[in-house]
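Student:
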Amino acid sequence: MHELGVVFHVIESVENIGKENQLTQVASVTLEVGEVSGVIPSYLTDCWKWAVQRSDLMKGAALHFEKIPAVTFCEDCKEEYPTVKHGKTCPRCGSGSTYLLSGNEFVIKEIEAC
Amino acid sequence: MGDFRIIEVKQSVFADNDKRAAEVRRELKEKKVFLLNLMSSPGSGKTTTLTRTIEMLKGEMKIGVMEADIDSDVDAKTISDLGVKAIQLHTGGMCHLDADMTYQGLSGLNAGDADLVVLENVGNLVCPAEFDTGAVKNAMILSVPEGDDKPLKYPLMFSICDVVLINKTDVLPYFDFDMEACKENILKRNPKAKIIPICAKTGEGVEEWADWLRLQVSQWKN
Numbered sequence: 000m001h002e003l004g005v006v007f008h009v010i011e012s013v014e015n016i017g018k019e020n021q022l023t024q025v026a027s028v029t030l031e032v033g034e035v036s037g038v039i040p041s042y043l044t045d046c047w048k049w050a051v052q053r054s055d056l057m058k059g060a061a062l063h064f065e066k067i068p069a070v071t072f073c074e075d076c077k078e079e080y081p082t083v084k085h086g087k088t089c090p091r092c093g094s095g096s097t098y099l100l101s102g103n104e105f106v107i108k109e110i111e112a113c
Numbered sequence: 000m001g002d003f004r005i006i007e008v009k010q011s012v013f014a015d016n017d018k019r020a021a022e023v024r025r026e027l028k029e030k031k032v033f034l035l036n037l038m039s040s041p042g043s044g045k046t047t048t049l050t051r052t053i054e055m056l057k058g059e060m061k062i063g064v065m066e067a068d069i070d071s072d073v074d075a076k077t078i079s080d081l082g083v084k085a086i087q088l089h090t091g092g093m094c095h096l097d098a099d100m101t102y103q104g105l106s107g108l109n110a111g112d113a114d115l116v117v118l119e120n121v122g123n124l125v126c127p128a129e130f131d132t133g134a135v136k137n138a139m140i141l142s143v144p145e146g147d148d149k150p151l152k153y154p155l156m157f158s159i160c161d162v163v164l165i166n167k168t169d170v171l172p173y174f175d176f177d178m179e180a181c182k183e184n185i186l187k188r189n190p191k192a193k194i195i196p197i198c199a200k201t202g203e204g205v206e207e208w209a210d211w212l213r214l215q216v217s218q219w220k221n
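So the sequences go chain by chain: A and B. For the first sequence, the residue numbers in numbering that gives the first Met the number 0 are 0 to 113. For the second sequence, the residue numbers in numbering that gives the first Met the number 0 are 0 to 221.
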């Protein structure tokens, strides 16, 4: 829901990295996005296309995604299960004592630049 | 065009905000200002609850309020009519406040001499939950007409709140709202949450809420 704000944040971070590394042009940015991070890649791409045009360093830069699967751990049966399919309740033992191991990430993984 | 190379970044997008939020909290601690981040859906009674709370506490502590809205200054006017300092923050279409906007608001409010500052976040149960504002504690209001299953629909919001106010208890007879099921749903997400049923309109339960705030403010100062 807050894709535009997130895009501005990514652009600002990459611009800072650009300054630190004396970069002149960024060709692409790769994000790691967890399945339950709440960020929808297609919306993000739309905001991105508009927002990067406002940055000299990043004009026309592509946006790539790497999806990180959401995995939940059950404290009762000590097993992992896929979060998106089963939610907070363990499909094996029905326990609600579970927590997310991965899947809420939103990380700038790498940039391609010169 | 030069040769493109890959630069590994591995930087969490939320990490910058978290860092800023920690700075805001550090400064609040130094100045002994308690900042409460108040969140809810639109129409759950944030401003009415705040009005009640201010009436109860303004004689014993200095209070400031920051009203965040996408537009308008309706809420800030209501609050400043009570005789406390209030400013309106416009998020310019953004669905939440981040730590930097909070910092700017605190400066604008000149909050250094306040005991309690309340940040009335944008009415939204999704985005504000994902951005640490730098507040000392998070509170949210769930109103009876919204339903007892709300904690199941917005798990993140309920899991980050220190206190949940269940507002509009006066209309309980007219809704299929199961108070015990609601409490159970909240505690399933967040076993440490303090739950206080209130009615901002009649004042029921507001004293318990004011006591919770008094305790938080005095603990933060020490």
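Cβ coordinates follow ideal geometry from the N, Cα and C atoms, glycine included.
Among all the DSSP beta bridges, which residues are the ones paired with N103 of chain A?
Tutor: Looking up residue 103 of chain A in the first sequence gives position 104. Beta-bridge pairing links N103 of chain A to no other residue.
Student: Taking 7 angstroms as the threshold (C-beta atoms), are G204 of chain B and I194 of chain B in contact?
Tutor: The count along the second sequence starts at 1 and reaches residue 194 of chain B at position 195. The count along the second sequence starts at 1 and reaches residue 204 of chain B at position 205. Going by C-beta atoms, I194 of chain B is not nearer than 7 angstroms to G204 of chain B.
Student: What is the DSSP secondary structure of Q21 of chain A, counted as helix, strand or coil?
Tutor: Within the first sequence, numbered from 1, the residue matching residue 21 of chain A stands at position 22. Three-state DSSP puts Q21 of chain A in coil, outside helix and strand.
Student: Quick one: list the residues of chain B neighbouring E109 of chain A, beta-carbon separation under 7 angstroms, in chain order.
Tutor: As a working mapping, residue 109 of chain A is identified with position 110 in the first sequence. Per Cβ cutoff of 7 angstroms: I5, I6, E7 and V8.
Student: If you check the beta carbons only, do A180 of chain B and G44 of chain B fall under 7 angstroms apart?
Tutor: To locate residue 180 of chain B, count along the second sequence from 1; it is residue 181. To locate residue 44 of chain B, count along the second sequence from 1; it is residue 45. The answer is no: Cβ separation not under 7 angstroms.
Student: Which one or two residues does DSSP pair with V117 of chain B in a beta bridge?
Tutor: Translated into positions along the second sequence, residue 117 of chain B becomes position 118. According to DSSP, V117 of chain B bridges with B:L35 and B:V64.
Student: Which chain A residues are close to M93 of chain B, counting only those with a beta carbon under 8 angstroms from its beta carbon?
Tutor: Here residue 93 of chain B is taken as the residue at index 94 of the second sequence, counted from 1. Within chain A, the residues near M93 of chain B are H1, L3 and G4.
Student: Can you tell me the Cα-Cα spacing of R188 of chain B and E29 of chain B, whole angstroms?
Tutor: Within the second sequence, residue 188 of chain B is the residue found at index 189, counting from 1. Within the second sequence, residue 29 of chain B is the residue found at index 30, counting from 1. Roughly 32 angstroms separates the two Cα atoms.
Student: Going by other Cβ atoms of all chains shown within 10 Å of its Cβ, with 16 needed for buried, is I165 of chain B buried or exposed?
Tutor: In the second sequence, the residue the question calls residue 165 of chain B occupies position 166. I165 of chain B is buried by the Cβ-count criterion.
Student: Return yes when the Cβ of N36 of chain B is within less than 7 angstroms of the Cβ of L118 of chain B, no when it is not.
Tutor: Along the second sequence, one-based indexing puts residue 118 of chain B at 119. Along the second sequence, one-based indexing puts residue 36 of chain B at 37. Cβ atoms of L118 of chain B and N36 of chain B: closer than 7 angstroms.
Student: What residue range does the alpha helix (DSSP H) around R51 of chain B cover?
Tutor: Within the second sequence, the letter at position 52 stands for residue 51 of chain B. Per DSSP, R51 of chain B belongs to the alpha helix (DSSP H) from K45 to L56.
Student: Compare the C-beta of K45 of chain B against all C-beta atoms of chain A and say whether one is closer than 7 angstroms.
Tutor: Position 46 of the second sequence, counted from the start, is the residue given in the question as residue 45 of chain B. False, the Cβ-Cβ gap to chain A never drops below 7 angstroms.
Student: With DSSP collapsed to three states, give me the class of K220 of chain B.
Tutor: As a first step, residue 220 of chain B must be located in the second sequence, where it is residue number 221. Reduced to three states, the DSSP call for K220 of chain B is helix.
Student: If we count Cβ pairs, one from each stretch, closer than 8 angstroms, do we get three or more for the segment 94 to 107 of chain A versus the segment 83 to 96 of chain B?
Tutor: No: the two stretches stay apart, fewer than three of their Cβ pairs being nearer than 8 angstroms.
Student: Roughly how many whole angstroms lie between the Cα atoms of G104 of chain B and K31 of chain B?
Tutor: For the purposes of this step, residue 104 of chain B is taken as the residue at position 105 of the second sequence. For the purposes of this step, residue 31 of chain B is taken as the residue at position 32 of the second sequence. Each residue's Cα considered, the two are about 17 angstroms apart.
Student: How many angstroms separate the CA atom of V28 of chain A from the CA atom of L186 of chain B?
Tutor: Locating residue 28 of chain A in the first sequence gives position 29, where the first residue counts as 1. Locating residue 186 of chain B in the second sequence gives position 187, where the first residue counts as 1. One C-alpha to the other measures close to 40 angstroms.
Student: Along the segment 111 to 132 of chain B, what residues have a CB closer than 7 angstroms to any CB found in chain A?
Tutor: Those residues of the segment 111 to 132 of chain B that come within reach of chain A (Cβ to Cβ, closer than 7 angstroms) are V125, C126 and E129.
Student: Mapping the DSSP letters down to three states, classify V35 of chain A as helix, strand or coil.
Tutor: For the purposes of this step, residue 35 of chain A is taken as residue 36 along the first sequence, with counting starting at 1. Coil.
Student: Output yes if chain A places a C-beta closer than 7 angstroms to the C-beta of K187 of chain B; else output no.
Tutor: Locating residue 187 of chain B in the second sequence gives position 188, counting from the first residue. Closer than 7 angstroms: yes.
Student: If you draw a straight line from the alpha carbon of M60 of chain B to that of I78 of chain B, how long is it in whole angstroms?
Tutor: For this step, residue 60 of chain B is matched to residue 61 along the second sequence. For this step, residue 78 of chain B is matched to residue 79 along the second sequence. Cα to Cα, the separation comes out at about 16 angstroms.
Student: Are any of the Cβ atoms in chain A nearer than 7 angstroms to that of D2 of chain B?
Tutor: Here residue 2 of chain B refers to the residue found at position 3 of the second sequence. Judged by the 7 angstroms Cβ criterion, D2 of chain B is in contact with chain A.
Student: Within 7 angstroms of any Cβ in chain A, is that where the Cβ of S11 of chain B sits?
Tutor: What you label residue 11 of chain B is simply residue 12 of the second sequence in a count that begins at 1. Yes, because at least one Cβ of chain A sits closer than 7 angstroms to the Cβ of S11 of chain B.
Student: So, are the CB atoms of T44 of chain A and L62 of chain A less than 7 angstroms apart?
Tutor: Taking the first residue of the first sequence as 1, we reach residue 44 of chain A at position 45. Taking the first residue of the first sequence as 1, we reach residue 62 of chain A at position 63. Cβ atoms of T44 of chain A and L62 of chain A: closer than 7 angstroms.
Student: To the nearest angstrom, report how far apart K149 of chain B and L49 of chain B are at their CA atoms.
Tutor: Against the second sequence, residue 149 of chain B aligns to sequence position 150. Against the second sequence, residue 49 of chain B aligns to sequence position 50. C-alpha separation (whole angstroms): 22 angstroms.
Student: What does D147 of chain B reach in chain A if we use C-beta pairs closer than 8 angstroms?
Tutor: Indexing the second sequence from 1 puts residue 147 of chain B at position 148. What D147 of chain B touches in chain A: nothing, since even the nearest Cβ is about 17 angstroms away.
Student: According to the neighbour-count rule (16 or more other Cβ atoms, all chains shown, within 10 Å of its Cβ), is P248 of chain B buried or exposed?
Tutor: Only positions 0 to 221 of chain B appear in the structure, and residue 248 of chain B is not among them; the question remains open.
Student: Would you mind listing the alpha helix (DSSP H) stretches within the segment 137 to 206 of chain B that are 4+ residues and don't spill past its ends, in chain order?
Tutor: With a minimum length of 4 residues, the continuous alpha helix (DSSP H) runs that stay inside the segment 137 to 206 of chain B are 149 to 152, 154 to 159 and 178 to 188.
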